[in-house]
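2 protein chains.
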Amino acid sequence: MPKNVSDEGGGIAQILKLLGDPTRLTIIKLLQHRECCVCELVEIFEVSQPAISQHLRKLKDAGLLKERKAGQWVHYAWNPESRHHALIADIMDHVPAQDQEFKALEEQGITPNCC
Amino acid sequence: MPKNVSDEGGGIAQILKLLGDPTRLTIIKLLQHRECCVCELVEIFEVSQPAISQHLRKLKDAGLLKERKAGQWVHYAWNPESRHHALIADIMDHVPAQDQEFKALEEQGITPNCC
DNA sequence: TGTCTATATAAGCATATGCTTATATAATGA
DNA sequence: TCATTATATAAGCATATGCTTATATAGACA
């Protein structure tokens, strides 16, 4: 921590760092629209399934997301109890909506069994 | 860029990444209070002068800060023309004020010639 | 049980990041 | 001109990050 400088309020920089990745930022924005299972996110993004799982774990470890297991699927959603919920909501107001991605999935005929 | 996913609005993730460093986040917060010269920031933080210069350059390159040269000193300030000014202001509302750092400088008898 | 499907974890790797020290640049003033 | 001060840049290094492939775990179901 810098010499004279107090911690700037419980890891805000850490939260911003997490959101400072295009994939994670878009995941959060998508989840603002609705809950998603991992397999949907894998379809939407151009990265491997482990890459998505790793991003989700970071977001969950930081308390930003919560998971809900349903059979063999795991659904992720915003955690409204997050200590940084208000900050994240304010930031997301500046990020364009991504709901066209869900439409794109439908048009591609991708309707995951989980949903 | 992810498969189906549009650019999330002109590099918002990039801005968040920049703010996702404790030193840079605190610099921005300090500059919300008032303009600062480099030598002040060097006193406040526990890192070398080149480290501060490098952080300032990144923030300036991204358009977040502007510089004002005055003699041998360079003063940095918020750039209100930044494309992301509103986003940054919203984020900074969640970061505790740092003005005690300026008081600490005075108490330490540090009054840079530039100010 | 065995075999799918969904998800997580481990290991390895290339690149990015933030720091340091050393040095360059530039303004000030004796 | 020379020394001093302020700032920037260059180079090197240790660590962090994000991805990949391979593999482990676990539920569903024939």
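Sequence order for the protein chains is A and B.
Residues 1 to 115 (the working numbering) are what the first sequence spells out, left to right.
Residues 116 to 230 (the working numbering) are what the second sequence spells out, left to right.
Note that CB positions come from ideal geometry on N, CA and C, so glycine has one too.
If contact is defined by three or more beta carbon pairs under 8 angstroms, each pair taking one atom from either stretch, is the region 23-35 of chain A in contact with the region 71-80 of chain A?
In short, these stretches touch, since the Cβ pair count reaches three.
Short Cβ contact (8 angstroms threshold) for Glu43 of chain A with Leu105 of chain A:
Yes. Within cutoff.
Assign Pro109 of chain B to one of two classes, buried (16 or more other C-beta atoms within 10 Å of its C-beta) or exposed (fewer than that).
Residue 109 of chain B is absent from the model: chain B starts at 116 and stops at 230.
Uninterrupted beta strand (DSSP E) stretches inside the region 56-88 of chain A (no shorter than 3 residues)
Counting only runs of 3+ residues, the beta strand (DSSP E) found wholly inside the region 56-88 of chain A occupies 65-70 and 73-78, in chain order.
Determine whether the Cβ of Asn194 of chain B lies closer than 8 angstroms to any Cβ atom of chain A.
Contact of Asn194 of chain B with chain A is not assigned, every C-beta pair being separated by 8 angstroms or more.
Who are the Cβ neighbours of His170 of chain B in its own chain at under 8 angstroms, not counting the five residues just before and after it?
Cβ within range, chain order: Asp136, Thr138, Arg139 and Ile142.
Please list, in chain order, the chain B residues whose beta carbon lies closer than 7 angstroms to that of Gly20 of chain A.
What Gly20 of chain A touches in chain B: Ala128, Leu131, Lys132 and Gly135.
Would a C-beta distance cut-off of 8 angstroms place Glu216 of chain B and Leu145 of chain B closer than the cut-off?
Yes, Cβ-Cβ distance for Glu216 of chain B and Leu145 of chain B is below 8 angstroms.
Limits of the alpha helix (DSSP H) - the one that Ala219 of chain B falls within
Ala219 of chain B: member of the alpha helix (DSSP H) spanning Gln215 to Glu222, first to last residue.
Please report how far the alpha carbon of Lys60 of chain A lies from the alpha carbon of Glu67 of chain A, in whole angstroms.
Per the coordinates, the alpha-carbon of Lys60 of chain A lies some 8 angstroms from the alpha-carbon of Glu67 of chain A.
Min CB distance Gln98 of chain A to chain B below 8 angstroms
Yes - at least one Cβ of chain B is within 8 angstroms of the one on Gln98 of chain A.
Nearest residue (CA-CA) to Ala70 of chain A, options A:Cys39, A:Ile91 and A:Val95:
Checking every option, the nearest Cα to that of Ala70 of chain A belongs to A:Cys39.
Within 10 angstroms of the Cβ of Ala13 of chain A, are there 16 or more other Cβ atoms? Answer buried if so, exposed if not.
Buried, by the Cβ-count rule.
Between the alpha carbons of Asp208 of chain B and Leu156 of chain B, how many angstroms are there, rounded?
Their backbone Cα atoms lie some 21 angstroms apart in a straight line.
In whole angstroms, what separates the C-alpha of Pro211 of chain B from that of Ile130 of chain B?
Spanning the alpha carbons of Pro211 of chain B and Ile130 of chain B requires a straight line of approximately 19 angstroms.
Taking the alpha helix (DSSP H) that His33 of chain A belongs to, which residues open and close that run?
Pro22 to His33 is the span of the alpha helix (DSSP H), which, as asked, contains His33 of chain A.
Residues of its chain near Leu64 of chain A, where Cβ-Cβ distance is below 8 angstroms and the 5 sequence neighbours each way are ignored
Sequence-distant Cβ neighbours of Leu64 of chain A in its own chain, meaning closer than 8 angstroms and more than five residues away, are Ile15, Leu18, Ile28, Trp78, Asn79, Ser82, His84 and Ile88.
For a contact meaning CB atoms closer than 7 angstroms, what does Val153 of chain B contact in chain A?
Going along chain A, no residue has its Cβ under 7 angstroms from Val153 of chain B, so there is no contact; the nearest lies around 15 angstroms.
Extent of the continuous alpha helix (DSSP H) to which Val157 of chain B belongs:
Boundaries of the alpha helix (DSSP H) harbouring Val157 of chain B: Val153 to Ile159, taken from the DSSP string.
When B:Ser168, B:Gln223, B:Ile206 and B:Asp205 are compared against Trp188 of chain B, the one with the closest alpha-carbon:
Comparing Cα-Cα distances from Trp188 of chain B to each of B:Ser168, B:Gln223, B:Ile206 and B:Asp205, the minimum goes to B:Ser168.
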